[in-house]
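With our numbering applied, the sequence shown corresponds to residues 162 to 498, in that order. Everything below concerns the one structure shown next.
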Amino acid sequence: MKKTLISIFIIAIVAGAAVATWAIISFKGNAVKESAELYVSKRSDYSSLIDSLKPRIGHHFAFDIYAKRLELERSFKPGHYVLEDGMSVIDIVRMIKLGLQTPVNVTMNNVKTPAYLAGKLARQIDADSVELVKAFMDKQKAKELGFDNPLTMFSIFIPNTYEFYWTVTPEEFIERMNKEYKRFWENGRDQKRQRTKLNRVEVATLASIVYEETRKVDEMPRIAGVYINRLRKGIPLQADPTIKYAMQDFGLRRILYRHLKYESPYNTYLNRGLPPSPICMPSIQAIDAVLNYEQHDYIFFCARPTFDGYHNFARTLSEHNANARAYQRELNKRKIK
């Protein structure tokens with residue numbers, strides 16, 4: 162009898178040790194074998210979270226127990242989470258419950274309109290493009306930030322890559338961009354801007370035209386100088402990219418005479434001066450090109466017939482017409498309509 166009791170006691174100790182070992186391994190052991198990203202949308206329910214998470218982790222039974230204990234089902238936070246190799250069930254549950262998310266990189270560039278920007282951002286943060294457009298076109302918000310209207314507020318978006326939490330709201334996004342905008346201009350650019358006699362929005366507007374005219378960074382200051390000359394002489398800018406923007410036809414390959422008659426405040430053939438707002442999100446190089454515009458006496462420029470992305474510049478209309486005819490001949494030769 163005594164031996165039997167001893168045997169039972171030993172078995173109980175061994176079983177207890179086994180259970181303790183299992184618990185330690187299951188709850189505190191490595192539940193993530195390979196690093197992975199987890200995106201939990203604010204529109205996700207708990208079952209969606211579990212469906213996304215469990216294929217990426219082990220120790221599912223232990224996860225269910227600990228998640229229930231911490232009431233994860235009613236307290237999980239949306240966000241972008243990084244599941245790192247070596248994380249335990251306890252680490253994972255606490256991370257999602259407390260919302261300890263990892264920022265994402267958000268890139269903005271080559272955008273024509275606020276709607277284009279909204280579509281691009283909706284693929285990078287947990288915000289609907291409709292919500293984003295609504296925020297970008299908020300007249301009251303534009304006035305709060307010191308802009309005449311939402312289209313001039315578009316100039317606060319300086320193309321770059323920024324760190325954001327994936328769950329950033331459209332309103333929070335705008336506030337952050339406004340801070341970046343102020344930092345961008347206060348970093349010596351406002352002082353350079355005095356040379357242009359343009360305000361910040363006007364610089365961005367002119368830079369947007371320069372950016373649409375050329376992607377050749379070394380030529381941007383020269384083109385900016387042409388437009389500065391025309392502005393100061395009261396000559397219409399006659400910038401073809403403004404026609405595309407006015408018509409909202411960004412695939413237009415050749416500007417024809419009939420296009421020049423299109424009624425719009427953005428048509429710089431019909432209206433003198435700058436258009437009402439930027440026609441795209443200009444690159445930082447284009448903005449700096451306006452601030453550092455080249456001083457010269459060119460009034461015209463035309464794309465080279467070599468189609469190398471550069472332009473021929475002219476001081477007189479007759480010289481410009483000769484350059485334009487050469488370019489038109491090449492367009493006809495290549496059957497570009």
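We treat Cβ as the ideally placed atom computed from N, Cα and C, and that holds for glycine.
- If you compare the alpha carbons of V254, E245, A223 with that of F237, the shortest gap goes to V254.
- Contact between T328 and P264 fails: their C-beta atoms lie close to 10 angstroms from each other, not under 8 angstroms.
- Boundaries of the beta strand (DSSP E) harbouring G240: 240-244, taken from the DSSP string.
- The beta carbons of V201 and I218 sit about 14 angstroms from each other, so the pair does not count as a contact at 8 angstroms.
- For secondary structure counted as the alpha helix (DSSP H) over 4 or more consecutive residues, the segment 261-287 holds these complete runs in sequence order: 275-283.
- For L244, the closest alpha carbon among the candidates K215, E332, P402 is that of K215.
- When DSSP assignments are scanned along the segment 340-423, the uninterrupted stretches of alpha helix (DSSP H) that are 4 or more residues long and fall wholly within it turn out to be 350-354, 361-374, 381-394, 401-408.
- Beta-bridge pairing by DSSP links F461 to A475.
- Note on geometry: alpha-carbon atoms of D289 and D299 lie some 16 angstroms from one another.
- Annotated as proximal: L293 and A279, with beta-carbon spacing under 8 angstroms.
- Out of Y388, R419, P320, the CA that lies nearest to the CA of V272 is found in P320.
- The beta carbons of I384 and E373 sit no closer together than 8 angstroms.
- Between the alpha carbons of H241 and Q409 lies a distance of about 36 angstroms.
- Here DSSP, grouped into helix, strand and coil, assigns A197 to strand.
- N428 carries a coil assignment under DSSP once its states are collapsed to helix, strand and coil.
- Separation of F308 and I335 (C-alpha to C-alpha, rounded to the nearest whole angstrom) is 13 angstroms.
- For the 8 angstroms CB-CB criterion, F325 and I286 form a contact.
- As the crow flies, the alpha-carbon of R350 is around 25 angstroms from that of F297.
- With fewer than 16 other beta carbons inside 10 angstroms of its own, E332 counts as exposed.
- Under the three-pair Cβ rule at 8 angstroms, the segment 353-371 does not count as touching the segment 414-424.
- In the DSSP annotation of this structure, the continuous segment of the beta strand (DSSP E) that includes E324 starts and ends at 321-325.
- Judged by DSSP in its simplified three-state form, A223 adopts helix.
- Judged by DSSP in its simplified three-state form, K258 adopts helix.
- Here DSSP, grouped into helix, strand and coil, assigns M298 to coil.
- Ranked by Cα distance from P437, the first of E305, A228, M314, R204 is M314.
- Where D449 is concerned, the enclosing alpha helix (DSSP H) starts and stops at 445-452.
- Assignment of Q489 by DSSP, reduced to helix, strand and coil, places it in the helix class.
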